[in-house]
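Novice: To convert a position in the sequence shown, counted from 1, into the working numbering, add 1.
Can you keep this structure in mind? I'll have questions shortly.
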Amino acid sequence: MSTHTTAAGGVQVCSLKRDTPQTVPANSPYTVVRFPFGSAESSDAFAMHQVNQPDGYVITNWDSDPRSGLIWPSVAGWGTLYAMIQWEAGNYAELRDQFVRDPLGLTPNPDDTTATEHRPPSPGMQCWTKSWGIFVDPSVPLAVRATHDDSVARKIVLAEFKLVIHEAA
């Protein structure tokens with residue numbers, strides 16, 4: 002795991018990567034994309050993606066617990082979210098993804114979505130990237146969610162989720 006640090010008033014980064022398939026059920030509601038802890042391709046020098054969650058919850062299985070998809074911002078500030086999702090080829094009419102504040106109902110204002118996109122498929126594998134700016138707060142976790150409309154379960158085969166926070170000086 003690489004570590005990158007900055008001085009106060011600087012930039013804080015959390016960068017996550019999933020390179021094992023995650024199954025998304027057919028015609029399901031949005032599913033939180035889950036990420037491993039301590040991956041060689043990930044960077045979390047500011048403890049925004051931890052097994053021991055800030056509210057005391059402990060994740061025991063990252064691949065099945067939707068909390069492993071959460072980034073808890075380390076500080077309040079202007080955040081830029083990035084995501085990359087690659088789906089296996091399938092019989093899709095539409096693929097959907099979004100960023101969401103508190104996707105699991107852990108705060109008084111759950112499911113605050115932004116940057117929702119519904120996309121028609123392209124031939125073959127489906128590869129998408131997105132970015133979006135929002136204000137972030139340490140008490141409100143963030144996630145990227147995705148779903149599809151195929152009649153059978155489909156896999157996200159590769160995903161990345163990143164938060165860059167520009168702290169107030």
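Just so you know, even glycine gets a beta-carbon here, dropped at the ideal spot from N, CA and C.
Only a predicted model underlies this, so the values are computations on that prediction, with no experimental measurement involved.
Taking a contact to mean a Cβ-Cβ separation below 9 Å, would you say PHE136 touches VAL34 in this structure?
Specialist: Working through the sequence shown from its first residue, we reach residue 136 at position 135. Working through the sequence shown from its first residue, we reach residue 34 at position 33. Not closer than 9 Å, so no.
Novice: Given this structure, state the Cα-to-Cα distance separating GLY106 from ALA116, to the nearest angstrom.
Specialist: Here residue 106 corresponds to residue number 105 of the sequence shown, with the count starting at 1. Here residue 116 corresponds to residue number 115 of the sequence shown, with the count starting at 1. Cα-Cα distance, rounded: 19 Å.
Novice: May I ask you to list the residues that DSSP assigns as paired with ARG35?
Specialist: On the sequence shown, residue 35 is found 34 positions in, with the first residue counted as 1. In the DSSP assignment, ARG35 forms no beta bridge with any residue.
Novice: May I ask you to report which of helix, strand or coil DSSP gives GLY78?
Specialist: Translated into the one-based positions of the sequence shown, residue 78 becomes position 77. Reduced to three states, the DSSP call for GLY78 is strand.
Novice: Would a check of beta-carbon distances place THR117 closer than 9 Å to chain C?
Specialist: You won't find chain C in this structure, because it holds only one protein chain.
Novice: When the Cα atoms are used, what is the spatial distance from SER29 to HIS119?
Specialist: As a working note, residue 29 is residue 28 in the sequence shown. As a working note, residue 119 is residue 118 in the sequence shown. A straight line joining the alpha-carbon of SER29 with that of HIS119 spans about 14 Å.
Novice: Use the C-beta contact count for THR148: other C-beta atoms within 10 angstroms, 16 or more gives buried, fewer gives exposed.
Specialist: Within the sequence shown, the letter at position 147 stands for residue 148. When all chains shown are included, THR148 counts as buried.
Novice: One question on the structure: do MET49 and SER69 come within less than 9 Å of each other, judged by their Cβ atoms?
Specialist: Within the sequence shown, numbered from 1, the residue matching residue 49 stands at position 48. Within the sequence shown, numbered from 1, the residue matching residue 69 stands at position 68. Not closer than 9 Å, so no.
Novice: Measuring straight from C-alpha to C-alpha, what distance separates ALA41 and CYS15?
Specialist: As a first step, residue 41 must be located in the sequence shown, where it is residue number 40. As a first step, residue 15 must be located in the sequence shown, where it is residue number 14. Taking the straight line joining both Cα atoms gives about 13 Å.
Novice: Helix or strand or just coil, what does DSSP make of SER152?
Specialist: In the sequence shown, counting from the first residue as 1, residue 152 sits at position 151. Of the three classes helix, strand and coil, the one that applies to SER152 here is coil, per DSSP.
Novice: Near ARG19, which residues of its chain fall below 6 Å by C-beta distance, leaving aside the five closest residues on each side in sequence?
Specialist: Position 18 of the sequence shown holds residue 19. The residues are PHE36 and ALA160.
Novice: Roughly how many angstroms lie between the CA atoms of GLN127 and ALA84, to the nearest whole one?
Specialist: Mapped onto the sequence shown, residue 127 falls at position 126. Mapped onto the sequence shown, residue 84 falls at position 83. The straight-line gap separating the alpha-carbon atoms of GLN127 and ALA84 is approximately 14 Å.
Novice: Am I right that LYS156 and THR24 are in contact with their C-beta atoms under 8 Å? What's the rounded C-beta distance?
Specialist: Counting from one through the sequence shown, the residue named residue 156 turns up at place 155. Counting from one through the sequence shown, the residue named residue 24 turns up at place 23. With a beta-carbon spacing of about 5 Å, LYS156 and THR24 fall inside the 8 Å limit used to define contacts.
Novice: Thinking C-alpha only, which one of PRO121, ASP64, THR21 and ASN110 is nearest GLY91?
Specialist: Taking the first residue of the sequence shown as position 1, residue 91 is located at position 90. Among PRO121, ASP64, THR21 and ASN110, the Cα nearest to that of GLY91 is on PRO121.
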